[in-house]
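One structure is given here, and the rest of the page talks about it.
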Amino acid sequence: MVFSTTVFLYLFLPLVLILYYISPTKFKNVIILLSGLLFYSWGEPVYVVVMILSTMIDYCAGLIMNKFEGRKLPRRICLIVSICMNVGLLAIFKYSGFIFENINAVFGTNIDISQMYIFGLDYLPMDLLPIGISFFTFQSMSYTIDLYLGNVKVQKNPITFAAFVTLFPQIVAGPIVRYNDIAAELESRSITLDLIYDGIIKFVIGLSKKVLIANSIGSLWTAVKATDFGQLSMLGAWLGILAFTFQIYFDFSGYSDMAVGLGKIMGFNFPKNFDYPYMSKSISEFWRRWHITLGAWFRSYIYIPLGGNRRGKWRTVFNLAVVWVITGIWHGASWNFVLWGSLYGVVIICERLFLKKLLDKLPAAIDCIYTMLLVILGWVLFDTPDLPSAGAYISAMFGGTGILADDAALYQLTNYGLMFIICIIGCTDLPQRAVKALRNKLAPVVNYAGVLVITAMLLLSTAYLVDATYNPFLYFNF
Amino acid sequence: MKKTELYKLLTIIVICIAALIIPTATLIRASGMPEKSFSETENRYLADFPEFNMDAVLSEEFMNGFEEYFSDRFILREEWINIKNNFDRLLGKKEIKDIFTEDGRMMEAWKGWDEKSVSENLDAMKKFADTHAENEQKIYFMLSPNAQEIYKDTLPAFCGAADQKSFIDMCYGISDNITPIDIYSCLYAARNDYIFYRTDHHWTSGGAFLAYRDAGEYMGFTPYTIDKFNIEHASDTFRGTLYSQTLDNSIKPDIIDFYIPVTGEPKLTLTAISGENSETRDSLYFREYIDKKDKYSSFLGLNVPVIEINTELSEDNDKGSLLIFKDSYANSLIPFLVNHYSKITVLDLRYINTPFDTIDIDTNSYDSILFVYNTITFSEDTNIRKLCFLDGIDS
């Protein structure tokens, strides 16, 4: 299930929350587990077993690790088993198509993944990606790694551990909540009205970002993507990729906001996932503000264990390169994503080596333009089907087709002009600062107007969900 | 402990009320609706509660079906859609669901056509015409522009609406054995009159009358002048197919007019044939539809594969037998044509699925053959190719 459906919003969520609130504290985690399983199986009735499998492996690995307290070798074996199993699930379900595609290309073989089934069972096709697999494997791996490193205590209660993995707000699209983040709240949490209020505000804002903004601007990108890139005008190409730039931000951060909001409504404090990334002044900063929990995961579990920046300049460069290639491929199994991640790696290495000093001397506006230009070009790689079409698209952006603007692009500009303005303002911290400033002067007015605004946003989003002609879920690749 | 502020409580209460009332009302509404519920305004059947079994769950058919069911029967569904469409317009969207709403009129957006598909249609027509011309049969082609073309100057700038005039000219040039009927000029000239519905994709009876008048010139009958008709306002609350998409209440409902000859509707029998079923009537007007949503169906009823109309005409007024291949534009044109042809057979290729040998019609036996289509349907319909399988043509 995804959040942006009427069934989730007006059936699943109210029912689950009623059960959750009325059940005694010790049963709340059972409700989380059951509702999470229902939530996940609604979209993946078969592959829910993958999630259960991943959960069981990591739970058992934790128990065994705990048993061999102080003995390095068995603990290390447990960790390796857990990592291999989780990465193995990813390899099978997410990357096998890509791997065989390349094997076929290199060796001239003809292995057709779409005709292959796991264990030969015809309802377990190999080429189907269980939704959210990249999120829940990473979440559950965080437990075994942290346990190995001694950062967390073992979780002996299987229900509590399973509740952590199946906690439905964060199951399919992040944020990547680490066990360590909510270990204490899993055991005992206080649900206060203030927290519920904060959660509602966050959720409704997230829902509106997704349904009202991302879906709306996204239909422009869908239209541009369907055209022949060789005939695309310069204006059309820029409008298209800008539309995607906004779509992915409002969609993804909206989804994270909804997750954080739901978490609060249920008594959890999830880590922040986005911090106005499009206001960044360098690529390094962009990645500290974009999908923060993913960056933090790679930092804690790959970059730092590899030695981070403590082993000299060239080892640091190597470590960064490793992290960024993996970051790329985490986003999807294709060469576009590998290149996308690697290029970010190159830029970040350059920034670290010399570019940062230069950027610091330049005016902030130029730094912002530099950052956004790279980010936008990155999105071309990210969301075009293959490298040749990404090339054709970028060429169109820089006048390669020789058409400056055509009717189609001008028409899109008139149709989406206002939406673009809303997007530009909406991805900065301007609205938040405005509310803050107003609140300092007219707190009661702002607070009570807020009741109306939030209700209106919820109802308007509902209207868009009821008539959902375009409501994509963008993270099937992840 | 610090007390929670009132505005926070208020927010929580309001949201909770919404989150409880909406699902409860929806479930009550959904369970109160019968199976196979038809939405008159949206002009479609609503999704039924999906079948629940292991296969349906594993294949996700149940889940998808349930989401559709819940959305389709959502409380105040039409009002929600209205809110959305209005908000879209507010944001500057010029098209809602591929429909332009300009100058008090909704128009289907048509931005081009598939060359290959259209040329296949035209090839089939040409083949058919060339074979039938050998029997001394006269073949006519009436291709109507749509409202988008006639009112193109009201469309938003740069909207990419394709030029229907050149499309029609191209289609008209395919075979010397087909006589094209130019109705474009007279429709365009009458653009200030009520010739297209505001909320429906069809032409009005007034538009069809102009086409009929032009057709007379080409087909060799003397069309009745306007004063030979009593115009009956059958309805002024018609909200058509385009309304069903946008649910835009700001556009004035349409008027349905019946052009009844002053001498009364000619004595005729109409037989609508759909597979094994047939129904015979003595009027072209299916007045029961006047009280329903789908009021355009009061012209010749619902679309069916075959309609036969036999009319008693005086000999000097009778041009003989006419075979019509058509889309629904013809439905409001045929009431004019019955005054000049004693036998009219109407074939709607879109609805003919049975092998043709089961349809007892000899296309070679008609004095004249007429194709009546509107540009959008003609460019998108792939059923015209079925002509190749009709009698007299080897393919």
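Just so you know, the protein sequences line up as chains A and B, in that order.
So the number in our numbering is just where the residue sits in the first sequence, counting from 1, plus 994.
So the number in our numbering is just where the residue sits in the second sequence, counting from 1, plus 434.
Using N, Cα and C, we set each Cβ at its ideal position, and we do this for glycine too.
Run of the beta strand (DSSP E) containing B:Pro-614, from where it starts to where it stops: Residue 614 of chain B sits at position 180 when you count from the first residue of the second sequence. 612-614 is the extent of the beta strand (DSSP E) around B:Pro-614.
Any Cβ of chain A within less than 8 angstroms of the Cβ of B:Arg-511? Within the second sequence, residue 511 of chain B is the residue found at index 77, counting from 1. For B:Arg-511, the nearest beta carbon of chain A is closer than 8 angstroms to its own beta carbon.
Between which two residues does the alpha helix (DSSP H) harbouring A:Asp-1377 extend? As a working mapping, residue 1377 of chain A is identified with position 383 in the first sequence. Counting along the chain, the alpha helix (DSSP H) containing A:Asp-1377 begins and ends at 1358-1377.
Could you check what DSSP says for B:Phe-823 in three-state terms: helix, strand or coil? What you label residue 823 of chain B is simply residue 389 of the second sequence in a count that begins at 1. Reduced to three states, the DSSP call for B:Phe-823 is helix.
Check each residue of the stretch 505-529 of chain B: if its Cβ is closer than 7 angstroms to any Cβ of chain A, include it; give the result in chain order. Those would be Ser-505, Phe-508, Arg-511, Trp-514, Ile-515, Ile-517, Lys-518, Phe-521, Leu-525, Gly-526, Lys-527, Lys-528, in chain order.
For the structure I just gave you, are there three or more beta carbon pairs, one from the stretch 1248-1263 of chain A and one from the stretch 1193-1211 of chain A, closer than 8 angstroms? Taking a cut-off of 8 angstroms for Cβ pairs, the stretch 1248-1263 of chain A and the stretch 1193-1211 of chain A touch, as three or more such pairs fall below it.
Residue-level contact to chain A via CB, B:Glu-476, 8 angstroms cutoff: Locating residue 476 of chain B in the second sequence gives position 42, where the first residue counts as 1. No, because no Cβ of chain A sits closer than 8 angstroms to the Cβ of B:Glu-476.
Mark B:Leu-405 as exposed unless 16 or more other C-beta atoms lie within 10 angstroms of its C-beta, in which case mark it buried. Outside the shown range of chain B (435 to 829) lies residue 405 of chain B, about which nothing can therefore be said.
If you draw a straight line from the alpha carbon of A:Leu-1349 to that of A:Gly-1200, how long is it in whole angstroms? The residue given as residue 1349 of chain A occupies position 355 in the first sequence. The residue given as residue 1200 of chain A occupies position 206 in the first sequence. The C-alpha of A:Gly-1200 is placed about 35 angstroms away from the C-alpha of A:Leu-1349.
Just mark A:Gly-1257 as buried or exposed, buried being the case when its beta carbon has 16 or more other beta carbons within 10 Å. In the first sequence, residue 1257 of chain A corresponds to position 263, counting from 1. Buried is the call here.
Whose CA, out of A:Asp-1106, A:Leu-1446, A:Lys-1088, A:Phe-1087, lies closest to the CA of A:Glu-1095? Residue mapping note: residue 1095 of chain A aligns to position 101 of the first sequence, counting from 1. Looking at the Cα atoms, A:Asp-1106 is the closest of the given residues.
How many Å lie between A:Lys-1351 and A:Glu-1345 at the Cα? Reading the first sequence from its first residue, position 357 is the one you call residue 1351 of chain A. Reading the first sequence from its first residue, position 351 is the one you call residue 1345 of chain A. Rounded to whole angstroms, A:Lys-1351 to A:Glu-1345 spans 8 angstroms at the Cα level.
For A:Val-1447 and B:Asp-522, what's the separation of their Cα atoms in angstroms? By one-based count along the first sequence, residue 1447 of chain A stands at place 453. By one-based count along the second sequence, residue 522 of chain B stands at place 88. Each residue's Cα considered, the two are about 18 angstroms apart.
Is A:Val-1445 close to the ligand COA? I mean its beta-carbon at under 7 angstroms from any heavy atom of the ligand. By its list of ligands, the structure shown contains no ligand whatsoever, and the ligand COA lies outside what it can speak to.
Endpoints, beta strand (DSSP E) assigned at B:Pro-695: Against the second sequence, residue 695 of chain B aligns to sequence position 261. Where B:Pro-695 is concerned, the enclosing beta strand (DSSP E) stretches over 688-695.
List the endpoints of the continuous alpha helix (DSSP H) containing A:Phe-1087. Walking along the first sequence from the start, residue 1087 of chain A turns up at place 93. Careful: A:Phe-1087 lies outside any alpha helix (DSSP H) and carries neither H nor E.
For the stretch 641-654 of chain B against the stretch 760-772 of chain B, are there 3 or more C-beta pairs whose distance is under 8 angstroms? Under the Cβ criterion (8 angstroms, minimum of three pairs), the stretch 641-654 of chain B counts as touching the stretch 760-772 of chain B.
Pop quiz: B:Ile-741 and B:Ala-706 are said to be a contact at Cβ under 8 angstroms. What is the actual Cβ separation, rounded to whole angstroms? Position 307 of the second sequence, counted from the start, is the residue given in the question as residue 741 of chain B. Position 272 of the second sequence, counted from the start, is the residue given in the question as residue 706 of chain B. Contact between B:Ile-741 and B:Ala-706 is confirmed by a C-beta separation of about 5 angstroms, below the 8 angstroms threshold.
Quick check on B:Ser-553: does DSSP put it in helix, strand or coil? Here the question's residue 553 of chain B lines up with position 119 in the second sequence. B:Ser-553 falls in the helix class under three-state DSSP.
From A:Tyr-1387, A:Ile-1051, A:Phe-1130, residue whose alpha carbon lies closest to that of A:Trp-952: Residue 952 of chain A falls outside the range modelled here, since chain A spans only 995 to 1472, and no answer is possible.
Which of helix, strand or coil does DSSP assign to A:Trp-1036? By one-based count along the first sequence, residue 1036 of chain A stands at place 42. Three-state DSSP puts A:Trp-1036 in a helix.
Step through the CB atoms of chain A and report whether any lies within less than 8 angstroms of the CB of B:Ala-543. As a first step, residue 543 of chain B is located in the second sequence; it is residue number 109 there, counting from the start. For B:Ala-543, no CB of chain A lies under 8 angstroms from its own CB, so it is not counted at the interface with that chain.
Spatial neighbours of B:Ile-584 within its chain, please: CB distance less than 7 angstroms, with the 5 preceding and 5 following residues excluded, ordered by chain position. Reading the second sequence from its first residue, position 150 is the one you call residue 584 of chain B. Taken in chain order, the residues that qualify are Leu-621, Tyr-622, Arg-625, Phe-630.
Going residue by residue through the stretch 1285-1372 of chain A, where are the continuous alpha helix (DSSP H) segments of at least 4 residues, counting only ones entirely within it? Within the stretch 1285-1372 of chain A, the complete alpha helix (DSSP H) runs of at least 4 residues are 1286-1292, 1307-1324, 1329-1344, 1350-1355.
Contact list for B:Ile-449 against chain A, beta-carbon separation under 8 angstroms: As a first step, residue 449 of chain B must be located in the second sequence, where it is residue number 15. Using a Cβ-Cβ cut-off of 8 angstroms, B:Ile-449 is close to Ile-1194, Val-1198, Ile-1448, Thr-1449, Leu-1452 of chain A, given in chain order.
So for A:Asn-1060, helix, strand or coil by DSSP? Position 66 of the first sequence, counted from the first residue, corresponds to residue 1060 of chain A. When secondary structure is reduced to three states using DSSP, A:Asn-1060 falls in the helix class.
Under 8 angstroms between the Cβ atoms of A:Gly-1126 and A:Phe-1244? What you label residue 1126 of chain A is simply residue 132 of the first sequence in a count that begins at 1. What you label residue 1244 of chain A is simply residue 250 of the first sequence in a count that begins at 1. Contact: no.
So is A:Val-1043 buried or exposed if we call it buried at 16+ other beta carbons inside 10 Å? Numbered from 1 along the first sequence, position 49 holds the residue referred to as residue 1043 of chain A. Residue environment for A:Val-1043: exposed (fewer than 16 other C-beta atoms within 10 angstroms of its C-beta).
Who are the neighbours of A:Val-1460 on chain B, taking C-beta pairs under 8 angstroms? As a first step, residue 1460 of chain A is located in the first sequence; it is residue number 466 there, counting from the start. Taking a Cβ-Cβ threshold of 8 angstroms, the residues of chain B close to A:Val-1460 are Ser-505, Phe-508, Arg-511, Trp-514, Ile-515, Lys-518, in chain order.
For B:Glu-757, does the three-state DSSP call read helix, strand or coil? Within the second sequence, numbered from 1, the residue matching residue 757 of chain B stands at position 323. First, the amino acid is wrong: residue 757 of chain B is Leu here, not Glu. The DSSP-derived three-state label of B:Leu-757 is strand.
Spatial distance of A:Ile-1058 from A:Leu-1084 (CA atoms): For the purposes of this step, residue 1058 of chain A is taken as the residue at position 64 of the first sequence. For the purposes of this step, residue 1084 of chain A is taken as the residue at position 90 of the first sequence. The C-alpha of A:Leu-1084 is placed about 23 angstroms away from the C-alpha of A:Ile-1058.
Under 8 angstroms, Cβ to Cβ, is there at least one residue of chain A near B:Ala-563? Sequence index remark: in the second sequence, residue 563 of chain B carries index 129 (1-based). Answer no: the Cβ-Cβ gap between B:Ala-563 and chain A never drops below 8 angstroms.
C-beta neighbour in chain A for B:Phe-655, strict 8 angstroms: Position 221 of the second sequence, counted from the start, is the residue given in the question as residue 655 of chain B. Taking 8 angstroms as the threshold, the shortest C-beta distance from B:Phe-655 to chain A does not fall below it.
Whole-angstrom distance between B:Arg-721 and B:Leu-901, CA atom to CA atom: Past the boundaries of the shown model lies residue 901 of chain B; chain B is included only from 435 to 829, so the question cannot be answered.
Collapsed DSSP secondary structure at A:Leu-1011 in the structure displayed: As a first step, residue 1011 of chain A must be located in the first sequence, where it is residue number 17. Residue state for A:Leu-1011 is assigned as helix, using DSSP reduced to three classes.
Could you compute how far the alpha carbon of B:Gly-567 sits from the alpha carbon of B:Asn-611? The residue labelled residue 567 of chain B in the question sits at position 133 within the second sequence. The residue labelled residue 611 of chain B in the question sits at position 177 within the second sequence. This sequence places Ala at residue 567 of chain B; Gly is not what is there. Spanning the two alpha carbons is a distance of roughly 6 angstroms.
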